[in-house]
C-alpha cells in the first residue's frame with residue numbers, strides 16, 4: 002500500500018515536471034528521427050575504423066573461361082568478318098586485359114581500397130562459415146564464367162551480363178554497407194568512359210588493328226561501354242540464413258531507446274536526496290515507512306518510467322519510422338530486462354547520492370557517464386567503426402547490451418538468440434539493486450543529522 | 335502518556351540533548367521553549383523515532399518507543415518545522431499521499447481530507463498546486479498532513495516560523511481547537527508569547543538541558559516579585575550608570591546602547607528616585623517601561639541572555 006502510494010506520487014510529480022518529460026520522452030523521439038534520416042548515407046564517408054575483412058569466392062574456372070573466350074574469338078568474331086589474324090591478336094592481347102588483374106590488383110590492391118578492405122580467396126563453403134562466425138563481414142561472389150564474360154565485354158563488341166553478388170553479415174551492418182559501397186564504386190569506375198576507352202585503345206593497339214580496325218571503333222566502343230554498364234554489383238539484401246539487415250532508422254530507433262532509458266536512472270538517482278532535502282523523507286519515516294519500502298518505491302518508479310519510455314519509443318518508431326522491431330516476446334523480454342537494469346542502476350545512484358548528501362554523482366552521471374555509455378554502447382555511431390579497444394569496452398555499457406539484443410530481434414532472431422542478453426541485463430539490475438540496499442541500509446552516520454541541522458539553521 | 339527519562343543525544347563530540355527528563359500528560363498542550371540550538375528539534379526527532387537516542391528511555395503509554403516504534407508511529411502526528419510537502423502536487427494530492435501512508439483509503443480518506451481542510455481553512459484552495467500557496471497556507475497544509483490519521487499525540491516543531499500574523503493566529507487557534515477536541519500536543523517554539531498562550535506546562539531548554547519546567551505560573555513564580563524596568567535614554571555615559579546603579583532597591587541592572595534594564599522587587603518604590611537621578615544628571619529620558627514577569631524574564635533570569643539571542 003505504502004509502496005503503491007509512493008509510486009503514484011512520484012509518477013505524478015515526474016509527469017508534472019515538463020523539463021524531465023522533454024528529456025525522457027521528447028528528446029529520444031526527435032533524435033531518433035533526425036539521426037535515422039541524417040546518417041542514412043554518411044556512414045562510409047565518416048568511416049575511419051579498422052579494416053573490413055571479406056572473402057572472395059570464385060565460382061568460375063579460369064582455364065575453362067579462357068579456353069571458351071579463345072573459342073568464341075575464333076567462332077563469333079570470325080563470323081562477324083574479323084580477320085583470322087586480328088582474332089588471333091585479340092586472343093594474345095587478352096592477357097593484358099585481365100579482369101582478375103583489374104579487380105584484385107588494380108582495384109582491391111589500390112592504396113585507397115586496401116586501406117579499408119582486406120580480402121582473401123576462399124571456397125564458397127569456407128566463406129559462408131567464416132561469415133557465420135563473424136570472422137569476415139562480407140562475401141563477394143564472382144559468378145560462373147566471370148572471366149569469360151568480362152573478356153567478352155572488354156574485348157569484343159558483345160555484351161554479356163555479369164552479376165557480382167555481395168553477401169553481408171547482418172550482425173556487421175556497417176561493414177556490409179562499406180563493402181557494398183566499395184563494390185558499387187568498382188562497378189561505376191569500370192563503367193566510366195575513360196577506362197572503357199583506355200581498354201579499347203589498349204586492346205586495339207595491342208592487336209595492331211590499324212586504321213582498318215578503327216573503322217568499326219565507334220560501334221565496338223559503344224558495345225563495350227554498354228557491356229561495362231552491364232557489370233553490376235548486385236547488392237544482395239537477402240540476409241544470411243534468412244536474416245534481415247538493419248537500416249539506419251532501425252538502428253537509431255534502438256540506439257536512442259537504449260540510451261535515453263539511462264536518463265530514467267538519472268532522474269531516479271535524485272529522488273532520495275530530493276525527499277531528504279524537502280524533509281518528506283523524514284516525514285515518511287515518521288509515518289512508519291521503512292527505508293527499504295521507500296527504496297522499493299523508487300526502484301519501481303524508475304522501472305515504470307523506463308518501461309513507459311520503451312513502450313512509447315517502440316510504438317512511435319514502428320508507426321512513424323516503420324521500424325520493424327521483430328519478435329514480440331523477444332522485444333518485450335529485452336524491454337523488461339533493460340528497464341529492470343536501469344531501475345537497479347537508478348537506485349544505486351539514488352542511494353549513493355543520498356549518502357553523499359549532494360547531487361554531484363547524479364549530475365556527473367547525466368552529463369558524463371551517460372554520454373560515455375552511449376558512445377561505448379553504439380548509441381551515437383555503430384561500435385563496428387570504433388577502434389577494437391572501444392569495442393571491447395562496450396560490454397560495460399548497459400545500453401550497448403540492450404542495443405545488441407534489439408539488433409538481433411530486428412534481424413529476425415527469436416527469443417533463444419536474445420535470452421543471454423536478457424539474462425545479463427536482469428543480472429545487472431539485480432546486482433545494482435542489492436548494492437543500493439547495502440549502501441542505504443548502512444548505519445546512518447552523523448552526516449544525515451548534520452545536514453538536517455544545517456538546513457534548519459539556514460531556514 | 336509520554337515519559338522521557340534521562341534522554342541523551344550526541345553527534346560526535348556535540349551533546350545536542352543532555353540527559354533531559356519530562357512527562358507529557360494526556361490532553362495537555364506541553365511546551366518546549368528555548369532559543370535556536372537549544373536541542374528542541376533534536377528532542378522532537380528522537381520522540382518521533384527519527385533518531386535513535388544515545389542514552390535514555392522514552393515511554394509512550396508505557397512502551398519503549400525504540401523497541402516498539404509502531405506503538406507510537408500510528409498514534410503520532412508530527413508537524414516538522416520545515417515544509418515537508420510536494421510543491422508540484424496539489425494540496426489534495428499531498429493530503430491524499432500522506433493519508434495513504436497512514437493507511438487511509440477510499441471514502442475514509444476523502445472524508446478525513448475534507449475534515450482536515452475545514453480545520454486548517456484550506457477547503458477552497460485545496461485543489462491548487464502547493465507551489466502556488468502563500469507561506470501561511472503551506473504552513474497550514476503542513477499541519478493538516480499530520481492530522482489525517484487523527485493522532486492522539488501531535489508534535490509541532492516551530493509551526494509558525496516565517497509567516498504572517500494572520501496565518502499565525504489561525505494556527506494558534508487551530509492548536510487550541512485540536513486540544514479542546516482531546517488531542518495531546520507537544521509544542522516547540524522560541525516564541526515566548528506562543529508558548530505562554532497555548533501551553534499548560536512548559537519545559538525551558540538551553541544548551542541541551544532543561545533549565546526549568548512547570549506551569550507558566552510556576553515558572554514565573556521563580557522570579558516572583560521581580561519587576562523589570564526598561565529605561566531608554568537620550569544618551570548613555572558611565573556617570574549615569576553609576577548614579578542609577580547606586581539607588582537602593584535595585585536587584586540587578588544591565589545596560590546596552592541607550593537602554594538600561596533594571597530588575598527590582600518593587601518598581602513603585604524606586605521609580606521616582608530613578609527618574610529624579612536621571613533628570614538631575616542632565617540626561618533626558620525618552621521612555622520608561624515597567625514589565626511584569628513573564629517567560630522571557632524567566633529565561634533571562636536563568637541564563638542571563640534573551641530567548642532570541
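Chains as they are written, first to last, in the numbering used here: chain A, 2 to 460; chain B, 335 to 643.
C-beta: ideal position from N, C-alpha, C; glycine also.
Taking 7 Å as the limit between beta carbons, can you name the residues of its chain near residue i, skipping five residues before and five after?
i: residue 6 of chain A; result: none
i: residue 611 of chain B; result: 577, 578, 581
i: residue 356 of chain A; result: 440
Report all residues from its chain with a CB closer than 6 Å to the CB of residue i; omit the five preceding and five following residues, and keep chain order.
i: residue 490 of chain B; result: 413, 521
i: residue 545 of chain B; result: 538, 636
i: residue 341 of chain B; result: 351, 354, 387, 390
i: residue 377 of chain B; result: 351
i: residue 494 of chain B; result: 502, 505
i: residue 372 of chain B; result: 539, 540
i: residue 601 of chain B; result: 561, 563, 624
On the criterion of 16 or more Cβ atoms from any shown chain inside 10 Å, does residue i qualify as buried, or is it exposed?
i: residue 324 of chain A; result: buried
i: residue 232 of chain A; result: A caution first: residue 232 of chain A carries a pLDDT of 49, below 50, which makes its placement in the model unreliable, though a value can still be read off. Burial call: buried.
i: residue 582 of chain B; result: exposed
i: residue 499 of chain B; result: exposed
i: residue 151 of chain A; result: buried
i: residue 367 of chain A; result: buried
i: residue 618 of chain B; result: exposed
i: residue 633 of chain B; result: buried
i: residue 578 of chain B; result: buried
i: residue 448 of chain B; result: exposed
i: residue 434 of chain B; result: buried
i: residue 597 of chain B; result: buried
i: residue 572 of chain B; result: exposed
i: residue 177 of chain A; result: buried
i: residue 242 of chain A; result: Caution applies to residue 242 of chain A, whose pLDDT of 49 falls short of 50 and renders its modelled position unreliable; the value that the coordinates give is listed next. Exposed.
i: residue 268 of chain A; result: buried
i: residue 16 of chain A; result: exposed
Is residue i near residue j, with beta carbons less than 8 Å apart?
i: residue 289 of chain A; j: residue 343 of chain B; result: no
i: residue 629 of chain B; j: residue 594 of chain B; result: no
i: residue 441 of chain A; j: residue 292 of chain A; result: yes
i: residue 252 of chain A; j: residue 148 of chain A; result: no
i: residue 487 of chain B; j: residue 518 of chain B; result: yes
i: residue 378 of chain A; j: residue 265 of chain A; result: no
i: residue 55 of chain A; j: residue 142 of chain A; result: no
i: residue 350 of chain A; j: residue 363 of chain A; result: yes
i: residue 361 of chain B; j: residue 516 of chain B; result: yes
i: residue 474 of chain B; j: residue 455 of chain B; result: yes
i: residue 411 of chain A; j: residue 255 of chain A; result: yes
i: residue 301 of chain A; j: residue 343 of chain A; result: no
i: residue 425 of chain B; j: residue 462 of chain B; result: yes
i: residue 423 of chain B; j: residue 464 of chain B; result: yes
i: residue 523 of chain B; j: residue 287 of chain A; result: no
i: residue 567 of chain B; j: residue 514 of chain B; result: no
i: residue 155 of chain A; j: residue 98 of chain A; result: yes
Considering only DSSP beta bridges, list what residue i is partnered with.
i: residue 128 of chain A; result: In DSSP, residue 128 of chain A forms no bridge with anything.
i: residue 589 of chain B; result: B/594
i: residue 564 of chain B; result: B/595, B/623
i: residue 143 of chain A; result: A/59
i: residue 357 of chain B; result: B/337
i: residue 398 of chain B; result: B/393
i: residue 121 of chain A; result: A/56
i: residue 366 of chain B; result: B/522, B/537
i: residue 584 of chain B; result: B/598
i: residue 342 of chain B; result: B/352, B/389
i: residue 575 of chain B; result: DSSP output for residue 575 of chain B lists no bridge partner at all.
i: residue 98 of chain A; result: Paired residues: none, contrary to the question.
i: residue 411 of chain B; result: B/488
i: residue 30 of chain A; result: According to DSSP, which records beta bridges pairwise, residue 30 of chain A is partnered with nothing at all.
i: residue 169 of chain A; result: A/139
Near residue i, which residues of its chain fall below 8 Å by C-beta distance, leaving aside the five closest residues on each side in sequence?
i: residue 308 of chain A; result: 336, 337, 340
i: residue 117 of chain A; result: 48, 52, 53, 179, 183
i: residue 313 of chain A; result: 26, 30
Item to check | Start-end ranges of the alpha helix (DSSP H) lying completely within the region 276-336 of chain A, minimum 4 residues | outcome: 281-287, 292-320
Checklist entry - Which parts of the region 531-561 of chain B are runs of the beta strand (DSSP E), unbroken and 3 residues or longer, counting only runs that do not cross its ends? => result 535-540, 543-548
Item to check | Contained beta strand (DSSP E) runs [length at least 3] in the region 435-523 of chain B, N- to C-terminal order | outcome: 487-491, 518-523
Item to check | Uninterrupted alpha helix (DSSP H) stretches inside the region 350-379 of chain A (no shorter than 4 residues) | outcome: 361-365, 371-378
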